[in-house]
Amino acid sequence: MTGVNETQRLNSLLRTHFGSLIIEDFISPAGVKRVSENAYSKLSSAMKGIKEHPAKDTIKEETHASLYEFITNLKNDPLPVQYSKAAQENFDARHHAWCVNRMTAFNEHSQAPDEKDFTLTYGRAQMWISLKLKYLTLLGHPTAVANYRYFHIPVDYADTVHPADALGITRPLGITRPLGGVRSSKLERAQYWDYQQQFRAAGINLLDF
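Just so we're aligned: 808 in my numbering is position 128 of the sequence shown, and the numbers increase by one with no gaps anywhere.
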């Protein structure tokens, strides 16, 4: 009896996670949208309160479209194959601008400031874009594969924070479980940025998680 074929095993794993529709098309606008929706489904548990958002459907559609625009812009204005600090700063600025743009779009529709109102935090925004870019990389999207070394690690408690503890990466202040600390979905930009810098200093990239 022979061992498991690694290519077949990987293909089966991807198909099981993403489904046949995404496996067959993750390049077209519709395909990239499905990947974005898949990332959102992973994020949805951290989006408590979004069902009451007055413009949730419209803004979610706009967000899916903006993620296709993000990867298309990266295709048309690619980062150099040879990693450089300047190119990393270029990507960081694009990533930050996308997060701020989406936070503004969601939050300008919120009602009067109230803890019950949904707000798109930096922690939620970073997870949406970074997870989508990670999924495209895993699927083999040419633009994502060509640029993945610049991508950010999506910060999620189960998939990132807990495993990173064993690597000696210091958690952002207040990120604890069980309840009592700040959840990763509540991360502010400064906390998130410090965490990313620690990963980079340790030589950890997107595919290490």
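Glycine residues also receive a C-beta, built at the ideal position from the N, C-alpha and C atoms.
*Over the uninterrupted alpha helix (DSSP H) stretch that includes residue 845, give me the two end residues.*
842-845
*Skipping 5 residues on each side, what residues in its chain have a beta carbon closer than 8 Å to that of residue 801?*
783, 865, 866, 867, 868
*Return the first residue and the last residue of the alpha helix (DSSP H) that residue 709 is part of.*
709-723
*Would you report the Cα separation of residue 781 and residue 771, rounded to the nearest angstrom?*
15 Å
_Chain-order list of residues whose beta-carbon lies under 7 Å from that of residue 732 (same chain, five-residue window excluded)_ = 798
_Simplified DSSP state of residue 764, which is helix, strand or coil_ = coil
*Can you list, in chain order, the residues of its chain whose CB lies under 6 Å from that of residue 747, leaving out five sequence neighbours each side?*
716, 812
*For the candidate residues 713, 729, 764, whose alpha-carbon lies nearest to that of residue 752?*
713
*For residue 842, which residues from the same chain have a beta carbon less than 6 Å from its beta carbon, with the 5 sequence-adjacent residues on both sides left out?*
none
*Pull up the distance between the alpha-carbon of residue 738 and that of residue 806, whole angstroms please.*
20 Å
*asked:* Cutting at 7 Å between CB atoms, please list the residues of its own chain near residue 827, excluding the five before and the five after it.
replied: 754, 758, 759
*Does the beta-carbon of residue 718 have 16 or more other beta-carbons within 10 angstroms, so that it is buried, or is it exposed?*
buried
_Using only CA atoms, which one of 879, 683, 816 lies nearest to residue 703?_
816
*Give me the Cα-Cα distance between residue 696 and residue 724, rounded to the nearest whole angstrom.*
20 Å
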